[in-house]
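Notes to accompany the following structure.
Number of protein chains: 2
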Amino acid sequence: MGRVIPLEDARDSSQSLKPLLDIVAEDMEAINRIILDKAVSDVEMIPELAHHLIDSGGKRLRPMLALAAAKLCKYQGNGHIRTASAVEFMHTATLLHDDVVDESGTRRGKKTARMIWGNQASVLVGDFLLGQAFKMFVDVGSMTVLRIMSNAAATIAEGEVMQLAAAKNTATTEDAYLEIINAKTAALFASAAESGAALAQRPAEEQAALRSYGKNLGLAFQLVDDALDYSGDSQRLGKSIGDDFREGKITLPLILSFRRGTEDERQFWNRTIAEGDIQDGDLERAIALMKRHKAIEATFERARSYGGIAHDALAIFPASREKDALQQVIAFCIGRTN
Amino acid sequence: MGRVIPLEDARDSSQSLKPLLDIVAEDMEAINRIILDKAVSDVEMIPELAHHLIDSGGKRLRPMLALAAAKLCKYQGNGHIRTASAVEFMHTATLLHDDVVDESGTRRGKKTARMIWGNQASVLVGDFLLGQAFKMFVDVGSMTVLRIMSNAAATIAEGEVMQLAAAKNTATTEDAYLEIINAKTAALFASAAESGAALAQRPAEEQAALRSYGKNLGLAFQLVDDALDYSGDSQRLGKSIGDDFREGKITLPLILSFRRGTEDERQFWNRTIAEGDIQDGDLERAIALMKRHKAIEATFERARSYGGIAHDALAIFPASREKDALQQVIAFCIGRTN
């Protein structure tokens, strides 16, 4: 199942992002301008709310993948800029709706939009950004990119509904969890990376390779996210440890602890997660149980395994600065602490 | 400003829908199959919730417009079926999000989806249906239709945000109100009608004519809707009289009553609408004030005026069964009581 990215690779993870940042720096400036430009509306609330999210310190990983993939495929046009901007809009729209669904109070250490402007505005501005994203894809003019992105939009929403249906269900299997994160997270990573090959009209195998790279990178990214929710540094993470626990969200650390646990422990998970009856000290006990069953460790291990698949997926491309940068990003995603 | 559709035309309004129903009957069966087919998902909640809305007795006016416009333009392919289905999906997605934003309890006399499955599912299934709509537009393969529909998606959302921003604001002008209903309602009517000419690759003036027809029909439709909320037969309407009043929604009957009213009456509107302090008998007083200032009458009058513009917009097309059916629909929209 592909090589496992060794832990050492992931040590100084911020360094692993640098080659990608260097490659896309110029294009990212153009993207920032487009994003501000397309979030404009006579309806005051739209740019206000959009800027709140856009300026809120996201890494813009997904648009960077789209740009680097286009460069890897030696794409000569300028459709990748608009495509990457639209990918970020899709992601932003998802975040807005996610926060409403999860009733989240903070994201990346800042108040969520719904806490400032309300759920209603968050739903509607999310819809607006999704509409703007599709307008931009239409402007790019590639039916292939439109196909990839409309599939992604439906799949992401399907994944979010799956996650909602699985909420509080401690019997969720690892497979079901994988299906959820495949849809809600990996689909957009996959589509962003694939768009580069689609724009450059590269052969099907290169398109598939970039899609596979993006998908497995997305899986690794989400697994790390879910592990950090029980183990991260809340100061650096910008969100509180245990958010998933308090929301009864089913993620791999919990699934593994539940399956590897004793009958008594399962009763604990059912009380806290399924029934939502959380008392003082429960989060600490949850983390202790995860440590005992090496559930966090195993989640990181799974992430490294998917990272390995992502790495191998790019093997068919000849050596290049872009290929190297895309492979180094894997270590960043696995080693990140925020 | 075009001829005003006389009131007599609108008397037996259900008869005015029949020519359109006859023209699209066969295609509508195909659309019903596609709609059920595309609402399928392994995620149980999606088809359940989608069917609830799809089966809930909507008139499917928008897809019928798309079909009839394609036939008017002698379109020979089969892309109009998928286009019309996707238009209905867009509309359904909007309804789901609308009900969340408005906190509505009933729609067409049935419990809203959010009352049964919750706000969270309504937001996410709305997103899924919008994604499916765009997949269908991509399948149709017309970049022009994709452009029309992505513009519509962004405009509708913008209109909804405008409406949210204007909520409870009794100082809203008739112009601002028109801008809102232009975006939130008329844009999809316009796009549905325009898609027919776009698919058939008819000259720009025919595309513009159908767009103008759809837009003005949509304005008339929404104006009547807003008038019925204060004057309709709640049994037949499937919603309670006064919903807009209780939600503090700003519509033309209220705008006109506020502007035409005395200082004392404006205080009444400010208390009930702006401050949301509604007491027993207030709805009755609101309706009485609207009657005194002929605000409902004027709203219907405006609707007839837009209906006249819609009628004239089709003048450039030679006489045909489709043209006749589309013009008769105007009387249906104006004369309807539900």
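As you go down the protein sequences, you meet chains Z and A in turn.
Per my numbering, residue 2 is the first one in the first sequence, and the count goes up by one each step.
Per my numbering, residue 2 is the first one in the second sequence, and the count goes up by one each step.
We treat Cβ as the ideally placed atom computed from N, Cα and C, and that holds for glycine.
Because the structure is a prediction, the values reported are computed rather than measured.
Simplified DSSP state of residue i, which is helix, strand or coil
i, result
"Lys295 (chain A)", "coil"
"Thr263 (chain A)", "coil"
"Thr252 (chain A)", "coil"
"Lys75 (chain A)", "coil"
"Arg63 (chain Z)", "helix"
"Arg343 (chain Z)", "For residue 343 (chain Z) there is no data in the structure shown, the boundaries of chain Z being 2 and 339."
"Asp325 (chain A)", "helix"
"Ala233 (chain Z)", "Checking the displayed sequence, the identity of residue 233 (chain Z) turns out to be Gly instead of Ala. Note: Gly233 (chain Z) maps to coil in three-state DSSP."
"Asp281 (chain A)", "coil"
"Gly219 (chain Z)", "helix"
"Glu302 (chain Z)", "helix"
"Glu161 (chain A)", "helix"
"Lys19 (chain A)", "helix"
"Ile288 (chain Z)", "helix"
"Glu276 (chain A)", "coil"
"Gly243 (chain A)", "coil"
"Arg337 (chain Z)", "coil"
Straight-line Cα distance separating residue j from residue i
i, j, result
"Gly132 (chain Z)", "Val126 (chain Z)", "10 Å"
"Arg148 (chain A)", "Ile331 (chain Z)", "36 Å"
"Ile274 (chain Z)", "Asp244 (chain Z)", "12 Å"
"Leu68 (chain A)", "Glu30 (chain Z)", "44 Å"
"Arg272 (chain A)", "Lys324 (chain A)", "47 Å"
"Arg247 (chain Z)", "Gln164 (chain Z)", "15 Å"
"Pro48 (chain Z)", "Arg260 (chain Z)", "46 Å"
"Asp28 (chain A)", "Pro20 (chain A)", "14 Å"
"Ser192 (chain A)", "Ala209 (chain A)", "10 Å"
"Pro64 (chain A)", "Gly215 (chain A)", "12 Å"
"Gly3 (chain A)", "Ala314 (chain A)", "Low confidence applies to Gly3 (chain A): its pLDDT is 45, below 50, so where it sits in the model is not reliable, and the reading given next is rough at best. If I take the Cα positions, the gap works out to 9 Å."
"Glu285 (chain Z)", "Gly277 (chain Z)", "16 Å"
"Val146 (chain A)", "Gln77 (chain A)", "16 Å"
"His81 (chain Z)", "Ala122 (chain Z)", "30 Å"
"Asn217 (chain A)", "Asp99 (chain Z)", "36 Å"
"Ser17 (chain A)", "Lys185 (chain Z)", "46 Å"
"Leu97 (chain A)", "Ile251 (chain A)", "20 Å"
"Asp38 (chain A)", "Ala287 (chain Z)", "43 Å"
"Ala205 (chain Z)", "Ser151 (chain Z)", "19 Å"
"Ala177 (chain A)", "Asp103 (chain Z)", "34 Å"
"Gly233 (chain Z)", "Ile242 (chain Z)", "7 Å"
"Arg322 (chain A)", "Phe138 (chain Z)", "37 Å"
Run of the alpha helix (DSSP H) containing residue i, from where it starts to where it stops
i, result
"Tyr178 (chain A)", "Glu175 to Ile182"
"Val41 (chain Z)", "No alpha helix (DSSP H) holds Val41 (chain Z); DSSP gives it neither H nor E."
"Thr95 (chain Z)", "Gly80 to Asp103"
"Pro319 (chain A)", "Run containing Pro319 (chain A): none; DSSP gives neither H nor E here."
"Lys1 (chain A)", "Summary: the structure shown does not reach residue 1 (chain A), with chain A confined to residues 2 through 339, and so no result is reported for it."
"Ala201 (chain Z)", "Run containing Ala201 (chain Z): none; DSSP gives neither H nor E here."
"Ser123 (chain A)", "Ala114 to Val141"
"Ile55 (chain Z)", "Met46 to Ile55"
Amino acids of chain Z, ordered along the chain, whose beta-carbon sits closer than 8 Å to that of residue i
i, result
"Gly142 (chain A)", "Met144"
"Val162 (chain A)", "Ser42, Val44, Met46, Ile47, Ala122, Leu125, Val126 and Phe129"
Cross-chain neighbours of residue i in chain A, by beta carbon under 9 Å
i, result
"Gly277 (chain Z)", "The contacting residues do not exist; Gly277 (chain Z) stays about 15 Å from chain A at best."
Residue i: contacting residues in chain A (beta-carbon distance under 8 Å)
i, result
"Ala67 (chain Z)", "Going along chain A, no residue has its Cβ under 8 Å from Ala67 (chain Z), so there is no contact; the nearest lies around 18 Å."
"Val139 (chain Z)", "Met144, Leu147, Arg148 and Ser151"
"Leu165 (chain Z)", "Met46, Gln121, Ala122 and Leu125"
Neighbour list for residue i in chain Z, Cβ cutoff strictly below 9 Å
i, result
"Gly132 (chain A)", "Leu131, Ser151, Asn152, Ala153, Ala154, Ala155, Thr156, Ile157, Ala158 and Glu159"
"Leu257 (chain A)", "Near Leu257 (chain A) there are no residues of chain Z at all, since even the closest Cβ is about 24 Å away, more than 9 Å."
Listed by chain order, chain Z residues near residue i by CB distance under 7 Å
i, result
"Asp265 (chain A)", "Result: empty, since nearest Cβ-Cβ is about 32 Å, beyond 7 Å."
"Lys136 (chain A)", "Ser151, Asn152 and Ala155"
"Leu220 (chain A)", "Going along chain Z, no residue has its Cβ under 7 Å from Leu220 (chain A), so there is no contact; the nearest lies around 19 Å."
**Request:** Would you list, in chain order, the members of the stretch 170-194 of chain Z that have their beta-carbon closer than 8 Å to a beta-carbon of chain A?
**Result:** none
**Request:** Below 9 Å between beta carbons is the criterion; list the residues of the stretch 145-156 of chain Z that meet it against any residue of chain A, in chain order.
**Result:** Leu147, Arg148, Met150, Ser151, Asn152, Ala153, Ala154, Ala155 and Thr156
**Message:** If the cut-off is 9 Å on Cβ atoms, which residues from the stretch 22-47 of chain A count as contacting chain Z, listed in chain order?
**Reply:** Ser42, Asp43, Val44, Glu45, Met46 and Ile47
**Asked** Taking a cut of 7 Å between CB atoms, which residues from the stretch 93-126 of chain A lie near chain Z?
**Response** His98, Val101, Val102, Gln121, Ala122, Val124, Leu125 and Val126
**Message:** So if I threshold CB-CB distances at 7 Å, which residues from the stretch 316-328 of chain Z count as touching chain A?
**Reply:** none
**Request:** For the stretch 56-89 of chain A, enumerate the residues whose C-beta is nearer than 7 Å to any C-beta of chain Z, in chain order.
**Result:** none
**Prompt:** When Cβ atoms are compared, which residues of the stretch 283-298 of chain A fall closer than 8 Å to chain Z?
**Reply:** none
**Prompt:** Relative to chain A, which residues along the stretch 199-224 of chain Z have a C-beta separation below 9 Å, given in chain order?
**Reply:** For the stretch 199-224 of chain Z, which is checked against every Cβ of chain A, not one residue is closer than 9 Å.
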